[in-house]
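Structure first, then comments.
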Amino acid sequence: MLMILSVYYLYHNNNDDDDDDDDNHLKTNKPVKVKLDTGAQCNIISKSMFDSLNLKNKELLRSKVKFVSYFEEKQFPLGQIELLVSSEISGTSNEVLFQVVEENHSSILGRKTCEKLKLV
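Per numbering that gives the first Met the number 0, residue 0 is the first one in the sequence shown, and the count goes up by one each step.
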């Protein structure tokens, strides 16, 4: 199933001098096409989609995830990033950890995220 969701980048203000209680800031908002894959154990976004969100590589966090294909080929993501995903269909939003991959594949929401967003 293919859906279009709103995606926001969350960043946290770690400045202790700032008295602002709201330390989560939305940096970008862009509709993103994603595939719902209830067999997937993680969420995936391509490097090209990551770039289209106007995010920088420095915002990628190191990932310990390793992908193993059916044919036992191992691949590693470029990194990971936490994004706020919002669904108008279910009326829910959640912070979602995405693995960023070099290949230009469709973005995928895995089973746990689909359930949290009440999409399945």
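Note that CB positions come from ideal geometry on N, CA and C, so glycine has one too. The structure presented is a predicted model; accordingly, all values stated were derived computationally and were not measured.
Element boundaries [alpha helix (DSSP H), containing residue i]
i, result
"residue 49", "46 to 51"
"residue 114", "110 to 115"
Euclidean distance between Cα positions of residue i and residue j
i, j, result
"residue 91", "residue 114", "11 Å"
"residue 36", "residue 48", "18 Å"
"residue 82", "residue 68", "26 Å"
"residue 38", "residue 117", "16 Å"
"residue 108", "residue 98", "10 Å"
"residue 95", "residue 101", "19 Å"
Limits of the unbroken beta strand (DSSP E) element including residue i
i, result
"residue 91", "91 to 100"
"residue 180", "Any question about residue 180 goes unanswered here, given that the chain covers just 0 to 119."
Classification of residue i by the beta-carbon crowding that lies within 10 angstroms, buried from 16 upward
i, result
"residue 76", "buried"
"residue 119", "exposed"
"residue 40", "exposed"
"residue 105", "exposed"
"residue 14", "Legend: pLDDT at residue 14 = 49, less than 50; position of this residue unreliable, value from coordinates given subsequently. Exposed, because fewer than 16 other Cβ atoms sit within 10 Å of the Cβ of residue 14."
Beta-carbon proximity of residue i to residue j, cut-off 9 Å
i, j, result
"residue 80", "residue 54", "yes"
"residue 52", "residue 78", "no"
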